[in-house]
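*Asks:* The structure that follows is given in the form of structure tokens.
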Amino acid sequence: METIFSTENLYTILSGRTHSAFNRALLSNFRKNNISLTKEQWTILGVLWKNEGCTQQTLADQTSTDKPGITRLIDHLEKENLVERHPDANDKRLKLIFLTPKGKSIEKEVMIVVNETLKNAIRDIEPERLEIVKETFLQIYNNLETKKVR
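Mapping of the sequence shown onto my numbering: residues 1 to 150, in sequence order.
What follows is the structure in structure tokens.
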């Protein structure tokens, strides 16, 4: 198979190495700022900061996390008094996840650290090149999600 990347470079790009490095940097920056969240917990809170009152399934879908993982994350966030579960008024079997006042209050502080980490990650990269990277990874994702991989 011909490619513009060497096999080693292609595997490095697609293996999640950059994703792992970003997660390590984010966790380090959280710790430096006395934020006791993991990247996975932050992603749950990030969804709730935009759309509070989600079902666990919505959170799972939006964060690409499996149901058992979502349950564990919510359990932990609930113990930390960041979220709480409420029964759905229309379907008592469903639990909706809401932010507590504490969960709402940390948004600004957490997002400052997230944005600084991201800003550091993309420093010295021209906006046009970032757009190409975004479009490329979106296409790879769509190819894998919408078509069977051969």
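Cβ atoms here follow ideal geometry from the backbone N, Cα and C, with glycine treated the same way.
(1) So if DSSP puts R85 in a beta bridge, which residue, or which two residues, is it bridged to?
(2) With 16 other CB atoms within 10 Å as the buried threshold, where does L82 fall?
(3) For T58, name the three-state secondary structure that DSSP assigns.
(4) Would you mind working out which of G69, H76, G53 sits nearest D88, comparing C-alpha positions?
(5) At what residues does the alpha helix (DSSP H) containing S64 begin and finish?
(6) Starting from E135, follow the alpha helix (DSSP H) in both directions and report where the run begins and ends.
(7) My output table needs one value for E52: the three-state DSSP class, helix, strand or coil.
(8) So the alpha helix (DSSP H) S20 belongs to, where does it begin and stop?
(9) Could you check where the alpha helix (DSSP H) with K108 kicks off and where it finishes?
*Replies:* According to the data block:
(1) According to the DSSP secondary-structure assignment, R85 is paired through a beta bridge with I97.
(2) With at least 16 other beta carbons inside 10 angstroms of its own, L82 counts as buried.
(3) In the structure shown, T58 sits in a helix (DSSP, three-state: H, G or I).
(4) The shortest Cα separation from D88 among G69, H76, G53 belongs to G53.
(5) For S64, no alpha helix (DSSP H) run applies, since DSSP gives it neither H nor E.
(6) First-last of the alpha helix (DSSP H) with E135: 127-146.
(7) DSSP places E52 in coil when its eight states are reduced to three.
(8) If you look at S20, you'll find it in the alpha helix (DSSP H) that goes 17-32.
(9) 107-121 is the extent of the alpha helix (DSSP H) around K108.
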